[in-house]
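*Asks:*
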Amino acid sequence: MRVLGIDPGLQSTGWGIIDVVGSKLRHVANGECKTKTGPLPARLVSLFEQITDVIARFDPTDAAVEQTFVNRDGAGTLKLGQARGIAVLVPAQAGMAVGEYAPNAVKKAIVGVGHADKGQVAHMVRLYLPGVTLAGADATDALAIAMCHAHHLQSSQRLNHAVLKASA
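Anchor point for the sequence shown: position 9 equals 17 in our numbering, and the numbering is continuous, going up by one each time.
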């Protein structure tokens with residue numbers, strides 16, 4: 009399984025890709041999609057094209073996006089929501105189911121504490137993915153989102169297997 013994690017943002021959208029084989033995680037790639045300054049529609053098109061390119065280059069099988077909560081102001085929240093819409097649309101358009109996780113759920117899955125700071129998340133990502141070079145804070149968060157999704161998919165598969173075994 010190859011998982012794409014996306015941390016949506018209008019100025020910088022982080023992405024991270026991991027391979028999952030059994031309980032082992034392996035870093036594939038990570039980066040940040042930077043949008044051009046200028047009109048919002050052009051920035052959204054740029055984000056769409058960059059995420060589309062990441063999917064075409066790395067061919068993930070699964071995707072996960074961080075949920076967004078209210079920002080400092082209403083206008084900022086709406087703009088971020090539009091960037092998040094692109095982050096959900098592109099993998100869905102490529103045929104992937106898209107998991108969505110609250111920031112605290114990601115932190116709890118990776119660090120063990122729902123209110124961990126960015127430094128703690130980066131430390132744990134480096135611990136789980138030895139030798140990784142992180143492209144930035146947003147890419148780090150995206151890798152954490154991918155790892156959280158992988159954990160949830162594996163747990164769900166184990167639960168389904170146990171239920172099938174018990175009902176047989």
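Backbone N, C-alpha and C fix where the C-beta goes; we use that ideal spot for every residue, glycine too. These figures come from a predicted structure and were not determined experimentally.
#1: Let's test the definition: count the other Cβ atoms within 10 Å of the Cβ of Thr21 and tell me whether it reaches 16, buried, or not, exposed.
#2: Name the DSSP beta bridge partners of Asp27, please?
#3: Taking the DSSP output, what are the residues bridged to Val106?
#4: Throw me the rounded Cβ distance for the Gly24 and Ala110 pair, which I believe falls under 8 Å.
#5: Return the CA-CA distance between Ala72 and Ala176, expressed in angstroms with no decimal places.
#6: Where do the ends of the alpha helix (DSSP H) carrying Lys87 lie?
#7: In whole angstroms, what is the alpha-carbon distance linking Leu97 and Pro16?
#8: Are there three or more Cβ pairs, one per stretch, closer than 8 Å when the region 104-122 is compared with the region 152-161?
*Replies:* On the basis of the data shown:
#1: Buried.
#2: Asp27 is bridged by DSSP to Arg10 and Arg34.
#3: Bridge partners of Val106: Ala71.
#4: Between Gly24 and Ala110, the beta carbon gap of about 18 Å keeps them out of contact (Cβ cut-off 8 Å).
#5: Just so you know, the alpha carbons of Ala72 and Ala176 end up roughly 33 Å apart.
#6: Lys87 -> alpha helix (DSSP H) spans Gly82 to Gln101.
#7: About 12 Å.
#8: Between the region 104-122 and the region 152-161, the count of Cβ pairs shorter than 8 Å is three or higher; the stretches touch.
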